[in-house]
Amino acid sequence: MAATKNKAPVVCTPDYWAEACAHLAKRDRVMKRLIPRFGDACLQSRGDAFVTLARSIVGQQISVKAAQSVWNRFEALPRRLAPAQVLKLKVDDMRAAGLSARKVEYLVDLALHFDSGRIHVDQWQAMDDEAIIAELVAIRGIGRWTAEMFLMFHLLRPDVLPLDDVGLINGISLNYFSGEPVSRSEAREVAAAWAPWRTVATWYMWRSLEPLPVAY
Numbered sequence: 034m035a036a037t038k039n040k041a042p043v044v045c046t047p048d049y050w051a052e053a054c055a056h057l058a059k060r061d062r063v064m065k066r067l068i069p070r071f072g073d074a075c076l077q078s079r080g081d082a083f084v085t086l087a088r089s090i091v092g093q094q095i096s097v098k099a100a101q102s103v104w105n106r107f108e109a110l111p112r113r114l115a116p117a118q119v120l121k122l123k124v125d126d127m128r129a130a131g132l133s134a135r136k137v138e139y140l141v142d143l144a145l146h147f148d149s150g151r152i153h154v155d156q157w158q159a160m161d162d163e164a165i166i167a168e169l170v171a172i173r174g175i176g177r178w179t180a181e182m183f184l185m186f187h188l189l190r191p192d193v194l195p196l197d198d199v200g201l202i203n204g205i206s207l208n209y210f211s212g213e214p215v216s217r218s219e220a221r222e223v224a225a226a227w228a229p230w231r232t233v234a235t236w237y238m239w240r241s242l243e244p245l246p247v248a249y
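For the sequence shown, the numbering used here begins at 34 and goes up steadily by one.
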C-alpha cells in the first residue's frame, strides 16, 4: 500500500467579512477606495493550527519564495504533517530540506508542545486574544508577531492589530501619509477608526502593497 501523504489543506474564510467591509467603507475614506479594488477576495485560513505555526517558523527571516521552497521540501518528509510524525524525523533530513539548525529546534519544540498537550488547542475558541498570545510565545521561535498572525490566519480573530508588522506600517505610510515614515503611535491612531475590524483593515493594507493575497 502506498504511504499516506499530506492532504490538501482545508481553507476557511471569515463569516464576518462582508459586515466588516461595509463598516470600514463607512468609517474610513481609504478603505472605501481600497475594498472595491479586490472584489470578493478575503483572508483565508488553512484550518490547521500546527501547520500554520510551522509555516510561520519556516518563513522567518527569508523571502516568501525561499520559504515556500523550504516548506515544500520539509512538508514532503513525514507521511503526514502532524506533531507526532515531525518528532520522528531525523535532524539531518530536516537540515537537508533547507532548515537552519535553529529552525529545526523550533519545529521540534512546537511539535513537543502540541504532542504533549502543553498548549490548549481545544480551549482557544473560548480564550481572549492576549491569553492565546501568552500561551504561544512560550514556544521557542514564536514571538508576538507570529502569535498575532496565528490569531488572524488560523483563528480568524476580527480585531487584531499587528503593529510589529512591516507590511502594515508600510501600508499605512503609503495610504495615509503619502509614503512618509510612520510611528507606531501614528499607526495606532489611524487604526482606531478600523475597530472592531482591524484584522480586515490590516489585510487590505497588505493587499495595497502586494496584489497576491497573504496566506499562512
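Beta carbons are placed, not taken as given, at the ideal position from N, Cα and C, and that holds for glycine. Predicted model only: the values in this text are computed from it and were never measured.
Check: Taking the beta carbon of F83 as the centre, do at least 16 other beta carbons fall within 10 Å, making it buried, or is it exposed?; Outcome: buried
Check: L242 and G200 look like a contact to me (Cβ under 8 Å); what is the Cβ gap, rounded to whole Å?; Outcome: 6 Å
Check: On the three-state DSSP scale, how would you describe S78?; Outcome: strand
Check: Let me check understanding here. Comparing Cα to Cα, which of L140, M182, L57, Y139 lies closest to D198?; Outcome: M182
Check: For P195 and P47, which I take to be in contact (beta-carbon distance under 8 Å), what is that distance rounded to the nearest angstrom?; Outcome: With a Cβ gap of about 16 Å, P195 and P47 do not count as contacting.
Check: Skipping 5 residues on each side, what residues in its chain have a beta carbon closer than 8 Å to that of L120?; Outcome: V141, A144, L145, D148
Check: Using a Cβ-Cβ cut-off of 6 Å (strictly less than) and excluding sequence neighbours within five positions of E52, which residues of its own chain qualify?; Outcome: none
Check: Enumerate, from N- to C-terminal direction, the unbroken alpha helix (DSSP H) stretches of 4 or more residues contained entirely within the region 78-119.; Outcome: 82-91, 97-108, 116-119
Check: Spatial neighbours of D162 within its chain, please: C-beta separation below 7 Å, excluding the five flanking residues on both sides.; Outcome: L184, R190, V193
Check: According to DSSP, is L140 part of a helix, a strand, or is it coil?; Outcome: helix
Check: For A228, which residues of its own chain have a beta-carbon under 7 Å away from its beta-carbon, when the five flanking residues on both sides are left out?; Outcome: D192
Check: Taking 7 Å as the limit between beta carbons, can you name the residues of its chain near T37, skipping five residues before and five after?; Outcome: Unreliable positioning characterises T37 in this predicted model, as indicated by a pLDDT of 44, which lies under 50. The coordinate reading is nonetheless provided below. For T37, where only same-chain residues beyond five positions count, the Cβ hits under 7 Å are R112, R113.
Check: Using the rule of at least 16 other Cβ atoms within 10 Å of the residue's Cβ for burial, across every protein chain shown, is R66 buried or exposed?; Outcome: exposed
Check: Report the residue from V223, V91, E219 whose alpha carbon sits nearest the alpha carbon of V137.; Outcome: V91
Check: Rounded to the nearest angstrom, how far is the Cβ of S78 from that of F186, given a contact under 8 Å?; Outcome: 5 Å
Check: Residue range of the alpha helix (DSSP H) that L201 falls in?; Outcome: 199-209
Check: Determine, using beta-carbon pairs with one atom in the region 149-158 and one in the region 126-136, whether at least three such pairs fall under 8 Å.; Outcome: no
Check: What is the DSSP secondary structure of H187, counted as helix, strand or coil?; Outcome: coil
Check: Relative to the alpha-carbon of R240, which residue among N203, R221, A224, G212 has its alpha-carbon at the smallest distance?; Outcome: N203
Check: Less than 7 Å between the C-beta atoms of Y209 and V223, yes or no?; Outcome: yes
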